[in-house]
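Here the structure comes first, spelled out in structure tokens, and everything after it is commentary.
There are 2 protein chains.
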Amino acid sequence: MMAAPAIGPLSLNTVTVKERWGLAECIEGCARHAIPGISPWRDVLQAMGVGKAARQIREAGLLVSGLCRGGMFPAADAAGRRAAIEDNRRAIDEAQAIGAACLVMVCGGLPPGSRDLPGARQMVHEGLAEIVPYARSAGVTIGLEPLHPMTCADRSVLSTLGQALDLCDALGEGVGVALDVYHVWWDPDLSRQIARAGSRIAGFHTCDWLVPTTDLVFDRGMPGDGVIDIPAIRAMVQAAGYAGAVECELLSRRWWAEDPDRVLSIMKERHNTVC
Amino acid sequence: MMAAPAIGPLSLNTVTVKERWGLAECIEGCARHAIPGISPWRDVLQAMGVGKAARQIREAGLLVSGLCRGGMFPAADAAGRRAAIEDNRRAIDEAQAIGAACLVMVCGGLPPGSRDLPGARQMVHEGLAEIVPYARSAGVTIGLEPLHPMTCADRSVLSTLGQALDLCDALGEGVGVALDVYHVWWDPDLSRQIARAGSRIAGFHTCDWLVPTTDLVFDRGMPGDGVIDIPAIRAMVQAAGYAGAVECELLSRRWWAEDPDRVLSIMKERHNTVC
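From first to last, the protein sequence lines are chains A and B. Residues in the first sequence are numbered consecutively from 1, following this note's numbering. Residues in the second sequence are numbered consecutively from 1001, following this note's numbering.
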């Protein structure tokens, strides 16, 4: 009988403690709790200053499992779509500066007032096609993150892993997927698509689905508090060849209200016992 | 150029006005608003008495686009699963008594405390396999309704049309699908799967996805108030051969608080203008 593969190193996604800690506190918190990785959101990165942040992350010896986030391509007019492209180029520069394993892409929802879902999906494809050469020349891997279908209208028209991999196929080298158990756990086609993803898995995120879930965005659970079989999905991802970090990303009003040191402590314990 | 196919007859799903009207008022309301169809939930049907309801629906000349609902197969133990089978047999009897075009199946979520999603899906398959012969002999079509993935934990592990059609393939004659735009609009594979469904489409439901959506169950929108391209999905369904009713089903605290005659009036206007 084969032993289960060892779990990858834990990484703190900074949004998990965003109400109380900036990036400097997150870096110090990772050191204090012996958490080997970090994945900043761009707001805290920019607030600290990209150069200074890159130095401090490096000095702390942290791996950077991702930068959150590029994307948001669909817009009501050409100027809006152009602005998104420019912002994504800046995100690529930032991901390169901090040595992120990938730039996570939250692709965007329908433009305001639009019901044209195929059109929005086409805008995502076209926006990505414009930035991929720039990312490739910067050595930054694009991590397409399929988001839960309940976010389709306003956050991500990229809804399934299969759809993300079709985009990877179309866009070629340098484009992978960022897989969050929260967004994909329900998918009847999940195991087949994870096997298909193979070496294109650029990031793996954990949290949990609570019953009941009281908010479509800000009610994610701590791993172990919900119904997702995280070890089963992790095993699929590792069987596909992924050996990178296991990033814990909670968007949760309940956990934002807690002392961040307590959040990190519980997160680490759950990483070791239920992920 | 081909003319767009004529829209099917409107049908009132009784849950739309459930806070204020029982089945008798719904039947009278359909007559008053010249709404040709009705689809009762079992609670209002049983409250009126199945025999009496069947007579009054027939006398009112209403078509019955469905009976809501059977399903809820997964359970923590064998006794619970057995009870679900028995209840589904009663639902089949009721659907037969009122001449429902299909018995809509909301298949059920994870058993309490379980994280075994493949196991729950297997329970759904096995439960359906047990009742399909009974439904077939009663002449009642089973309408498997894939529910939005946000309901996977607690209402339906049947999450996509593709998954529902795989079940239809496995279960054979007498099993079709009930398609609600709310549950499937986001699916990147939708047009292909609707074409695959063909004559197995046993019901078609409308409502709308609101932005923002503030509740995972009870915040559905009136057709036209949200972002779903209902005519596009209706055209796919009709191109697949469906010529049945267009059933409006709102689970909405906002609309439940309104005068039901106003709800029916707006529903009918929207059916004619945006569906």
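Don't be surprised by glycine CBs; every beta carbon is placed ideally from N, CA and C.
Taking all protein chains shown into account, decide if residue i is buried (16 or more other Cβ within 10 angstroms of its Cβ) or exposed.
i, result
"residue 1 (chain A)", "Confidence at residue 1 (chain A) is low in this model, with a pLDDT of 47, below 50, so the placement of that residue should be treated as unreliable; the coordinate-derived value is given next. Exposed: under 16 other Cβ atoms inside 10 Å."
"residue 1146 (chain B)", "buried"
"residue 273 (chain A)", "exposed"
"residue 1120 (chain B)", "buried"
"residue 204 (chain A)", "buried"
"residue 218 (chain A)", "exposed"
"residue 51 (chain A)", "exposed"
"residue 53 (chain A)", "buried"
"residue 1126 (chain B)", "exposed"
"residue 139 (chain A)", "exposed"
"residue 1180 (chain B)", "buried"
"residue 135 (chain A)", "buried"
"residue 1172 (chain B)", "exposed"
"residue 1155 (chain B)", "buried"
"residue 1169 (chain B)", "exposed"
"residue 1055 (chain B)", "exposed"
"residue 253 (chain A)", "exposed"
Can you pull the chain B neighbours of residue i, defined as C-beta to C-beta under 7 angstroms?
i, result
"residue 282 (chain A)", "The structure shown does not extend to residue 282 (chain A), since chain A spans only 1 to 275, so no value can be given for it."
"residue 213 (chain A)", "1216"
"residue 152 (chain A)", "1186"
"residue 110 (chain A)", "1227"
Counting only C-beta atoms, is residue i closer than 8 angstroms to chain E at any point?
i, result
"residue 253 (chain A)", "Among the protein chains of the structure shown, namely A and B, there is no chain E."
Please state the DSSP three-state secondary structure of residue i.
i, result
"residue 1014 (chain B)", "helix"
"residue 256 (chain A)", "helix"
"residue 1 (chain A)", "Because residue 1 (chain A) carries a pLDDT of 47, less than 50, the predicted location of this residue cannot be relied on, and no value is offered for it."
"residue 232 (chain A)", "helix"
"residue 161 (chain A)", "helix"
"residue 63 (chain A)", "strand"
"residue 1221 (chain B)", "strand"
"residue 1114 (chain B)", "coil"
"residue 20 (chain A)", "coil"
"residue 213 (chain A)", "coil"
"residue 1130 (chain B)", "helix"
"residue 1047 (chain B)", "helix"
"residue 1033 (chain B)", "coil"
Could you tell me which chain A residues have their CB closer than 7 angstroms to the CB of residue i, listed as they occur along the chain?
i, result
"residue 1209 (chain B)", "153"
For residue i, which beta-bridge partners are listed by DSSP?
i, result
"residue 247 (chain A)", "A:11 and A:205"
"residue 1179 (chain B)", "B:1204"
"residue 1105 (chain B)", "B:1070 and B:1144"
"residue 39 (chain A)", "A:13"
"residue 156 (chain A)", "A:108"
Give me, in chain order, the residues of the same chain whose beta-carbon lies closer than 7 angstroms to that of residue i; leave out the 5 immediate sequence neighbours on both sides.
i, result
"residue 1263 (chain B)", "1016, 1017 and 1255"
"residue 1243 (chain B)", "1008"
"residue 1075 (chain B)", "1081, 1084 and 1111"
"residue 1210 (chain B)", "1219, 1221, 1225 and 1226"
"residue 1124 (chain B)", "1073, 1074, 1107, 1108, 1157 and 1158"
"residue 174 (chain A)", "132, 135, 136, 141 and 142"
Counting only the same chain and skipping the five closest in sequence on each side, list residues whose C-beta sits under 6 angstroms from that of residue i.
i, result
"residue 1176 (chain B)", "1141, 1143, 1200 and 1202"
"residue 1193 (chain B)", "1161 and 1162"
"residue 1021 (chain B)", "1260"
"residue 153 (chain A)", "109 and 110"
"residue 224 (chain A)", "270 and 274"
"residue 1104 (chain B)", "1066, 1068, 1069, 1143, 1145 and 1178"
"residue 1060 (chain B)", "1027 and 1031"
"residue 130 (chain A)", "85"
I want to verify the contact list: residues of chain A whose CB lies under 8 angstroms from the CB of residue i, in sequence order.
i, result
"residue 1148 (chain B)", "149 and 150"
List, in chain order, every chain B residue whose beta-carbon is nearer than 8 angstroms to that of residue i.
i, result
"residue 169 (chain A)", "The premise fails here: residue 169 (chain A) is roughly 14 angstroms from chain B at the closest Cβ pair, so nothing lies under 8 angstroms."
Show which residues of chain B have a CB atom less than 9 angstroms away from the CB atom of residue i.
i, result
"residue 163 (chain A)", "1188 and 1189"
"residue 7 (chain A)", "Those do not exist, as residue 7 (chain A) stays about 17 angstroms from chain B at its closest Cβ, beyond 9 angstroms."
"residue 115 (chain A)", "1226, 1227, 1228, 1229, 1230 and 1232"
Which same chain residues, not among the five before or five after residue i, have their C-beta less than 8 angstroms away from its C-beta?
i, result
"residue 1150 (chain B)", "1216"
"residue 91 (chain A)", "42, 67, 69, 70 and 103"
"residue 1236 (chain B)", "1190, 1191, 1194 and 1195"
"residue 1037 (chain B)", "1009, 1010, 1011, 1012, 1030, 1062, 1063, 1064, 1065, 1245 and 1247"
"residue 165 (chain A)", "177, 193, 196, 197 and 200"
"residue 1266 (chain B)", "1222"
"residue 1033 (chain B)", "1261, 1264, 1265 and 1268"
Compute the minimum distance between the beta carbon of residue i and the heavy atoms of the ligand ADP, and state whether it is under 7 angstroms.
i, result
"residue 270 (chain A)", "For the ligand ADP, the structure offers nothing, since it holds no ligand at all."
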